[in-house]
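Comments concern the structure below.
Protein chains: 2
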Amino acid sequence: MRYYRFLSESGAKKPPQTITSAQIAAALDIDPTQVRKDFSAIGLLGIGRVGFEVCEVCRAIRVALGFDQRHEAVLIGTGHLGAALLAYSGFARYGLHIVAAFDMDQRLVGSKVAGCTVKSMRSLKPFIRKHGIRLALLTTPVEASQKLADRLVSVGVKAIWNFTPTRITVPPEVLVRDEHISLGLSVIAYHLTHEVDSPSS
Amino acid sequence: MRYYRFLSESGAKKPPQTITSAQIAAALDIDPTQVRKDFSAIGLLGIGRVGFEVCEVCRAIRVALGFDQRHEAVLIGTGHLGAALLAYSGFARYGLHIVAAFDMDQRLVGSKVAGCTVKSMRSLKPFIRKHGIRLALLTTPVEASQKLADRLVSVGVKAIWNFTPTRITVPPEVLVRDEHISLGLSVIAYHLTHEVDSPSS
DNA sequence: GATCAAACGTGAAAAAAATCTCATTAGGGG
DNA sequence: CCCCTAATGAGATTTTTTTCACGTTTGATC
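Residue numbers (my numbering), protein chains in the order written: chain G, 1 to 201; chain P, 1001 to 1201.
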């Protein structure tokens, strides 16, 4: 994951197209052995003295993580955050395509948000069924998230990307990925409060 | 961090105000011992047979993580994501207050985004100096992020919350918290591609 | 072509994290 | 008032992760 980001960024500009585990390790601030271990875990073998072929590695990671497959998703809640996600063009790199956006607010239905027409919640279930959608992005207000999650699961959604600051409960076979920012906030708050101490000591 | 979220959610509605490590562990799906270990690490001692006092724990976590202190921040880049962050009211719970928003686009300067007047980039440095800002939220396009980070560091910003999909490099004493969604995306893509196997096996 | 150095793969060792066990303490019931 | 259960705290144990060390492979150099 971190490898993929780093390699697809750096690999584009460099012609040699090979990289050593040591270089990767230095850039990502980890142990070279770790890199080799991880790579061999997904069936990647480097060659002595040369290292790894960047394109090869990227492809293997794409396959291992499923970025090579097309994943269609719906987005629910076209507020600020929903709009930001719709406008983000980087998802395609990972095989993710947001094919429809929905919102509770009937006044928004029919309007365009980031080039995507907002659909009514009434058409949510039929749409998911018809297109076999398995992933939903939740960017709704807190109150609605749990009920919505239940509805989504009942029509066959297999994964929910939860951007609301709520814990939602689902059957075990469904994946919920919480994208809370509170964790990052913790790290920052901790640093800011304790940062004064470290330089002086 | 997870504790704080859980306790401040559940604690509000329950009068008893005490909770056992086992209850917390069950809710967060971890080991009860882990909870006790973590709590004792920040100087929290439960009492036999009763458990832990919810308010007490919350307060200790707030202090330990620095949520009890006021952190003022500036936000740079008032696009969709910037607007979403400005509109999010949950930051105050963690002591974070976004006191100003800036944008490159001169046409946006002066307009209101989520109740906050957008300021010109020219006033960024003086503003940070004047108010002693130590944290900046970056929600700009990719191209600008590194140059902006350098500028921020040069005027004394001690932490950068990076919402752009770019790695930025800063002096070691400055904290950069990357809020990339690619990691979450990895988890989801992996689940969606491999999910078919697990139920059948 | 033979040698040398750089980088890999792998198995062992060390470190860290999670888990288990148990003695201790504190409330509740008889 | 004493015992019993429920929950803690801390030490021991196990598991996982990270790191180290060494033998092997491969391209470059003489």
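Backbone N, C-alpha and C define an ideal beta-carbon position, used for all residues, glycine too.
One question on the structure: do S1040/P and M1/G come within less than 8 Å of each other, judged by their Cβ atoms?
Cβ atoms of S1040/P and M1/G: not closer than 8 Å.
Under the three-state reduction of DSSP, which class applies to I1076/P: helix, strand or coil?
Correct three-state label for I1076/P: strand.
Mind checking which residues open and close the alpha helix (DSSP H) that includes F1102/P?
Taken as a continuous stretch (DSSP letters only), F1102/P belongs to no alpha helix (DSSP H), being part of the beta strand (DSSP E) at L1096 to D1103.
Take Y1004/P and list the residues in its own chain whose beta-carbon comes closer than 8 Å to its own, dropping the five residues that flank it on each side.
Same-chain partners within the cutoff: C1058, I1061, R1062, L1065 and F1067.
Expressed to the nearest angstrom, what Euclidean distance is found between the alpha-carbon atoms of P165/G and G48/G?
Their Cα atoms are separated by approximately 48 Å.
Do we get a CB-CB distance below 8 Å when we pair Q23/G with the residues of chain P?
No, Q23/G lies away from the interface with chain P (no Cβ there is under 8 Å from its Cβ).
Could you pull out every residue in the same chain whose Cβ sits closer than 6 Å to the Cβ of K147/G, ignoring the five residues on either side in sequence?
Excluding sequence neighbours, K147/G sits near nothing in its chain.
Using a Cβ-Cβ distance cut-off of 8 Å, determine whether F1039/P contacts chain G.
For F1039/P, the answer is no, since every Cβ of chain G falls outside 8 Å of its Cβ.
Please compile the residues from chain G whose C-beta is within a distance smaller than 8 Å of the C-beta of M1001/P.
Neighbours of M1001/P on chain G, chain order: S182, L183 and S186.
Just grab the DSSP bridge partners of D1178/P for me.
DSSP lists N1162/P as partners of D1178/P.
Which bits of chain G does G1066/P rub up against, with CB to CB less than 9 Å?
In chain order: S186, I188, A189, Y190, H191, L192, T193 and H194.
According to DSSP, V113/G sits in a beta bridge with which residue or residues?
Paired residue(s): C116/G.
Does L108/G come out as helix, strand or coil in the three-state DSSP assignment?
L108/G: coil per DSSP, three-state reduction.
Taking just the CA atoms, how far does I1168/P sit from Y1190/P?
Rounded to the nearest angstrom, the two C-alpha atoms are 27 Å apart.
Tell me, please, whether the segment 1068-1088 of chain P touches the segment 1125-1143 of chain P by the rule of three or more beta-carbon pairs shorter than 8 Å.
Touching, per the Cβ criterion.
At the 8 Å Cβ level, is A1084/P part of the contact set with chain G, yes or no?
It does: the Cβ of A1084/P has a partner Cβ on chain G nearer than 8 Å.
Is the CB of L1175/P under 8 Å away from at least one CB in chain G?
With 8 Å as the cut-off, L1175/P counts as an interface residue toward chain G.
Report buried or exposed for Q17/G, applying the criterion of at least 16 other Cβ atoms within 10 angstroms of its Cβ.
That one is exposed.
Assuming E1072/P contacts H1131/P under a Cβ cut-off of 8 Å, what Cβ separation, rounded to an integer in Å, is found between them?
Indeed they touch by this definition, with Cβ atoms about 6 Å apart.
Which residues, in chain order, does the segment 1132-1162 of chain P contribute to contact with chain G at a C-beta distance below 7 Å?
Correct list: R1134, L1135, K1158, A1159 and W1161.
Interface residues of chain G around R1005/P at Cβ under 7 Å?
The answer, in chain order, is S182.
According to the neighbour-count rule (16 or more other Cβ atoms, all chains shown, within 10 Å of its Cβ), is K158/G buried or exposed?
Buried, by the Cβ-count rule.
Give a yes or no on whether the C-beta atoms belonging to V1035/P and I1042/P are separated by under 8 Å.
Against a cut-off of 8 Å, the Cβ pair of I1042/P and V1035/P comes out as no contact.
Just checking: is the beta-carbon of Q34/G within a distance shorter than 8 Å of some beta-carbon in chain P?
Cβ-Cβ to chain P under 8 Å: no for Q34/G.
Which residues of chain P have a Cβ atom closer than 7 Å to the Cβ of A87/G, listed in chain order?
In chain order: H1080.
Taking Cβ positions only, does G90/G come closer than 8 Å to chain P?
Yes, G90/G counts as interfacial toward chain P.
Determine, using beta carbons only, whether G95/G comes closer than 8 Å to chain P.
So, interface residue.
Just to confirm the assignment, what range does the beta strand (DSSP E) spanning A136/G have?
Its beta strand (DSSP E) spans residues L135 to L138.
Quick check: what's the CA-CA separation for I1098/P versus A1114/P?
C-alpha separation (whole angstroms): 11 Å.
Below 8 Å on C-beta distance, what does K1179/P contact in chain G?
One point to set straight first is that residue 1179/P is Glu, not Lys, in the sequence displayed. Within chain G, the residues near E1179/P are I181 and G184.
So does the segment 114-130 of chain G actually touch the segment 170-183 of chain G, counting three or more Cβ pairs closer than 8 Å?
Result no; under three Cβ-Cβ pairs closer than 8 Å.
Short of 6 Å in beta carbon distance, which residues of its chain neighbour S198/G, apart from the five on each side in sequence? Order them along the chain.
Residue placement at S198/G is poorly supported in this model, since its pLDDT is 46, which falls under 50; the coordinates are not used for a value here.
Going by C-alpha distance, which of L1096/P, R1129/P and Q1106/P is nearest T193/G?
It is L1096/P whose Cα lies nearest to the Cα of T193/G.
What's the call for S1201/P, buried or exposed, on a 16-neighbour Cβ count within 10 Å?
Bear in mind that the predicted position of S1201/P carries a pLDDT of just 34, short of 50, making it unreliable; the figure below should be weighed with that in mind. With fewer than 16 Cβ atoms within 10 Å of its Cβ, S1201/P is classed as exposed.
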